[in-house]
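Each position in the sequence shown, counted from 1, maps to that position plus 144 in the working numbering.
From the three backbone atoms N, C-alpha and C, an ideal C-beta is built for every residue, glycine too.
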Amino acid sequence: LERDAVSLCTYECRLVPGLLQSEAYARAVFEGTIPLRTDEELAALLTARMDRQRIMRERPTVAFSFILEEHVFRRRFGDAEAMRELFDHVLERTAPRNMTLQVVPLEAGLHPCLDGPVRIL
């Protein structure tokens, strides 16, 4: 569906969306899931995740909008360097003019979408 969409809007309250994940972040997410995965499964998942991100570069006329809760970025994984890599990766991915990144501050309080992620294609 992503390949055919004319726009994509993602709201996320739990994790950085797959389209914006750095490789280290994606690895941490995949390694933390149950059931545990083999090294081969992890490698295949990481390759698929990074390949999926190509859509953002290949479709410069598609509007991508990401709305993320602030605490998504505050949840630590790895060391300071891994966090810095994630922030740099997200900023790089959302820099083109067809990308929008909005962060909902913690002070925003409760709202209906806190129940889970939303994707509109």
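When the Cα of residue i is compared with those of the options, which residue comes out closest?
| i | options | result |
| --- | --- | --- |
| D239 | L190, T154, R201 and V173 | Note that residue 239 is Ala in the sequence shown, not Asp. Here the closest residue by C-alpha is R201. |
| L235 | D183, L164, E213 and A187 | L164 |
| N351 | A224, D232 and R203 | As displayed, the chain neither begins before 145 nor continues past 265, which places residue 351 out of reach and without an answer. |
| C153 | H255, T244 and G260 | T244 |
| A149 | L189, A192 and F208 | F208 |
Cα separation between residue i and residue j?
| i | j | result |
| --- | --- | --- |
| M227 | A168 | 9 Å |
| P161 | F217 | 11 Å |
| A170 | L258 | 22 Å |
| V247 | I211 | 6 Å |
| T182 | L230 | 24 Å |
| E146 | G253 | 31 Å |
| F174 | E251 | 30 Å |
| P249 | E214 | 5 Å |
| G222 | T177 | 16 Å |
| D232 | L159 | 16 Å |
| L189 | L180 | 13 Å |
| A220 | A172 | It is Arg, not Ala, that sits at residue 220 in the sequence shown. Each residue's alpha carbon lies about 11 Å from the other. |
| H255 | S151 | 24 Å |
| A187 | R193 | 10 Å |
| R237 | T205 | 15 Å |
Using the Cβ count rule (16 or more neighbours within 10 Å means buried), how would you classify residue i?
| i | result |
| --- | --- |
| E156 | buried |
| R198 | exposed |
| S166 | buried |
| R263 | exposed |
With 8 Å as the threshold, decide whether the Cβ of residue i is near any Cβ in chain B.
| i | result |
| --- | --- |
| F210 | The displayed structure is made up of one protein chain only, and chain B is not part of it. |
Which parts of the region 145-187 are runs of the beta strand (DSSP E), unbroken and 3 residues or longer, counting only runs that do not cross its ends?
-> 151-156
Whole alpha helix (DSSP H) elements within the region 215-258, 4-residue minimum | 224-237
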